[in-house]
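Below you'll find the structure, written out as structure tokens, and then a few comments.
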Amino acid sequence: MLSYQHAYHAGNTADLHKHALLAAALDYLTRKDKPLTYLETHAGRGLYDLNSPEAAKTGEAQAGIFRAEAEGWLAPDHPLLRALQDIRAVHGRTAYPGSPLIAAHFLRPGDRAHLAELHPTEHAALSQVSGFATIHREDGFRMAQAVCPPTPRRGMLLIDPSYEIKADYDSLPRIIGQIARKWNVGVIALWYPILADGRHETMTGALRTAYPDALISEVDFPPARPGHAMIGSGMFILNPPWSLAQEAARLEKLFRQLP
Ligand code: SAM
Numbered sequence: 001m002l003s004y005q006h007a008y009h010a011g012n013t014a015d016l017h018k019h020a021l022l023a024a025a026l027d028y029l030t031r032k033d034k035p036l037t038y039l040e041t042h043a044g045r046g047l048y049d050l051n052s053p054e055a056a057k058t059g060e061a062q063a064g065i066f067r068a069e070a071e072g073w074l075a076p077d078h079p080l081l082r083a084l085q086d087i088r089a090v091h092g093r094t095a096y097p098g099s100p101l102i103a104a105h106f107l108r109p110g111d112r113a114h115l116a117e118l119h120p121t122e123h124a125a126l127s128q129v130s131g132f133a134t135i136h137r138e139d140g141f142r143m144a145q146a147v148c149p150p151t152p153r154r155g156m157l158l159i160d161p162s163y164e165i166k167a168d169y170d171s172l173p174r175i176i177g178q179i180a181r182k183w184n185v186g187v188i189a190l191w192y193p194i195l196a197d198g199r200h201e202t203m204t205g206a207l208r209t210a211y212p213d214a215l216i217s218e219v220d221f222p223p224a225r226p227g228h229a230m231i232g233s234g235m236f237i238l239n240p241p242w243s244l245a246q247e248a249a250r251l252e253k254l255f256r257q258l259p
């Protein structure tokens, strides 16, 4: 049984990196007057309360979105902050959008979305807030393989596993290869943790070799708690939208300069 719940980690530093790139990519893709499909293999519950007991227990958002806002890490008109403002206007000032609701901010009436979430509680919560999408309560990799190539064919897939199943590190390059062969125009983004013991490096090495033109953005930050394994955040993006390398470079410089 899966035990990971993103409510403990929503708005943390890794979310900030992942969601800033996701929002920037979708902002760019939805400027073109052509419909697209947005897919997610591991959607989570879509909407988080940063005042919840789960968020309070870890306090991780303090080093992420709250610090980013206090210190102006993102320009006031950054796509992520625009999505956040919209969510707060509707759900209150402690609300934080997960990736599905960040996507919802950008999607237009002709666009389509498919979201997979396996955990029963997370799936139920996601269903409450995702009227814009088809929700799949099934393995996200299976959903992506079944739906790709999607209609409309333009679009983006976010793969954001919790890595509870350690075999994910081994299988992801193969899974991405299968999806990319079926959907060669899709923007395929994979989030991964940078781990102190370097466990992610075989996977990222395989992806770098297979896709030398992909965008890889990695940022380092202090562990959320002493001894915590995650010491950074990575995004691998195949067929990145034109402007995304610039946003990735800006975020990487920002993280390097943080005291
Ligand atoms: N993408 C979300 C965001 O940024 O707001 C966070 C997702 S969280 C890191 C990973 C989610 O994947 C969890 O809610 C977990 O229940 C779900 N999950 C784990 N294994 C899955 C699978 N094989 N298929 C679909 N969902 C899965």
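Just so we're aligned: 193 in full-length UniProt numbering is position 193 of the sequence shown, and the numbers increase by one with no gaps anywhere.
The beta-carbon is built from N, C-alpha and C at its ideal position, and this holds for glycine as well.
No experiment lies behind these values; they were computed from the predicted model shown.
{"Item": "Alpha carbon of residue 156 to alpha carbon of residue 242, nearest angstrom", "Value": "13 angstroms"}
{"Item": "Run of the alpha helix (DSSP H) containing residue 165, from where it starts to where it stops", "Value": "Here residue 165 belongs to no alpha helix (DSSP H), and DSSP marks it neither H nor E."}
{"Item": "Within the stretch 181-211, ranges of the beta strand (DSSP E) (whole runs, at least 3 residues)", "Value": "187-195"}
{"Item": "Close beta carbons around residue 86, own chain, < 6 angstroms, minus the five adjacent residues each side", "Value": "105"}
{"Item": "Cβ-Cβ distance between residue 97 and residue 158 below 8 angstroms", "Value": "no"}
{"Item": "DSSP beta-bridge partners of residue 230", "Value": "195"}
{"Item": "Beta carbon of residue 145 nearer than 8 angstroms to that of residue 179", "Value": "yes"}
{"Item": "The stretch 128-138 contacting the stretch 50-61, beta-carbon criterion three pairs below 8 angstroms", "Value": "no"}
{"Item": "Beta-bridge partners of residue 37, as assigned by DSSP", "Value": "112 and 155"}
{"Item": "For residue 134, the three-state DSSP class (helix, strand or coil)", "Value": "strand"}
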